[in-house]
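Structure first, commentary second.
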Amino acid sequence: MNKIDTDSKYRTLTPSQILSWVEDETQVMRLRTDLDVIPGGYMAAAIPVLVDWPASKPHGDQAFIVLRHVNYGGNPFEKSTILHSVRVPLDGLASVELTLVPFGEGGRLGPLQHVQLRFIFESGKEPELLNLAGAETGADPRIPDLVFSWVSWRRPDVSWNLRKGMDDESQIYWLSLRAFAGSQKFLEDVLEGRDWYCYPLRLPGGKEGLAELFMSTVTLGDGVARDTLARMLAGGEEAWLKHAPPDNNAEQDIRSQWNELLVHIKKSDPQALAEVLLPPEQDTYHPLVRSCATLARHTVLLTVKRLIANGQGEGVVLDKLPEPFLGTTEVWMKEFAHAGLRGLFLCAPIAIRYVMRHHETVPKDIPAELDAAGLIQRHNGKRCRIHYSHKGTTPYGPAFFV
């Protein structure tokens, strides 16, 4: 049996391939997770979620949002990822869960967890895969939930390293909000031996509160993604030329395709190439300052503050409500990233003091913090927590294998 050589040259997507995807919102992208890259070498399959604003209707009756790059239907064994465009009806939101996914063995909550937000929809008002919407073949275009996960966007030859991530200036880990059909994300986590611990949120404003949190999540992710992609596209033409095939007309073809791509993007969505003007260091994933946990917490608290300002603060314990907070990097963090053994010992007390002062950096502390502010649903006087596992109950019913 032949094994794919992941150390061989990667396949860089051409401008014409990306243009084809941009032009047709119903088109599906099937990518090799470990081989396909965009110019600059970053994994194409990990491209962040974007809001197709021209195709969306975010306000008024029957408001909806069209999302691009929603991960659904890929196969982790063959390392394939399938990205869809999805139409999300905002009045279909039924609930949202803060989800902790432990990295330790046995699926138990330990010191390290990944944090994500899971939005669940009413039956009959679920998000629709646009490539199947309106199909007359009996195909079901609906998916019951969406999971949003802040991750580090990197090249396929660069593995995640916590210490390297402490140095903002290295810019090897771009900040990215990825979107998944919940079943796809649960499958991938199960294959890694990871359970889900879900805390149903209780937001003021009912459905309006749910829609506000959804919009806050996708708008923040979209803004960061556009800033990152604008930086990448700024040097995209030269990056593509480096990967042009050995042909006399290759350079001319690439430049022509590149110009066509830029013209189409600017015409169809003027915001697409507009930089958000974030400081460069805020575009990067940071394990303490801009992580999955800190950004999920920040989005929830920011949403609640906005709802309170609009007169919808029922059930919120105001004197226990933390401020939305995203910290800034400190000098010792960069030193920690490059320190030797002696330097690690010197930095350790500073790091411990930082974590003690900033509980938002500790994922397992976040549910208790939100619960104290009245933002977690309770049952029989206790904070609700749902444990999903492939050996017991899954988010989609009883497990069918053990």
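If you count the sequence shown from 1, position 359 lands on 562 in this note's numbering, and the numbers rise without skipping.
For every residue, glycine included, the Cβ atom is placed at its ideal position computed from N, Cα and C.
Fair warning: this is a prediction, and the values are worked out from it, not measured in the lab.
query	result
Neighbourhood of residue 397 by C-beta, 6 Å cutoff - its chain only, sequence neighbours within 5 removed	304
Opening and closing residue of the alpha helix (DSSP H) in which residue 392 lies	385-394
Nearest-angstrom Cα separation, counted from residue 212 out to residue 600	42 Å
Cβ pair count under 8 Å reaching 3, the segment 414-434 against the segment 577-591	no
Identity of the residue in 512, 597, 240 and 496 nearest residue 361 by Cα	240
Reduced DSSP category for residue 449 - H, G, I as helix; E, B as strand; rest coil	For residue 449, the pLDDT reaches just 46, beneath the cut-off of 50, and the residue's location in the model is therefore unreliable, although a value from the coordinates is still provided. Looking at residue 449 - three-state DSSP - the assignment turns out to be coil, as it is neither helix nor strand.
Residue 420 versus 334, 322 and 565, residue with shortest Cα-Cα distance	322
Three-state class that DSSP yields for residue 217 in the structure shown	coil
Run of the alpha helix (DSSP H) containing residue 503, from where it starts to where it stops	495-512
Three-state class that DSSP yields for residue 427 in the structure shown	helix
Alpha-carbon spacing of residue 386 relative to residue 324, whole angstroms	13 Å
Run of the beta strand (DSSP E) containing residue 297, from where it starts to where it stops	296-305
Beta-carbon gap between residue 503 and residue 575 smaller than 8 Å	no
Closest Cα partner of residue 428 within the set 230, 216, 255 and 408	255
Close-in-space but distant-in-sequence residues of the same chain around residue 452 (CB under 8 Å, 5 per side omitted)	Because the pLDDT of residue 452 is 49, which lies under 50, any placement of that residue in the model is unreliable, and the number read from its coordinates should be weighed accordingly. Within the same chain, residue 452 has no close Cβ partners at all.
Assumed close pair residue 527, residue 505 - CB separation to whole angstroms, cut-off 8 Å	4 Å
Exposure label - residue 326; buried when at least 16 CB within 10 Å	exposed
Simplified DSSP state of residue 417, which is helix, strand or coil	helix
For residue 349, the residue or residues it bridges with in DSSP	322 and 384
The segment 233-249 touching the segment 264-271, judged by at least three CB pairs closer than 8 Å	no
Pair within 8 Å by beta-carbon distance, residue 271 and residue 293	no
DSSP-derived helix/strand/coil call for residue 523	helix
For residue 487, the three-state DSSP class (helix, strand or coil)	strand
Length of the line joining the Cα atoms of residue 598 and residue 351	16 Å
Pick from 566, 216, 423 and 269 that is closest to residue 400, judged by C-alpha positions	566
Residue 344 vs residue 331 beta-carbon contact at 8 Å	yes
Residues bridged to residue 400 (per DSSP)	303 and 590
Sequence-distant residues of its chain with Cβ nearer than 6 Å to residue 214 (five each side left out)	238 and 239
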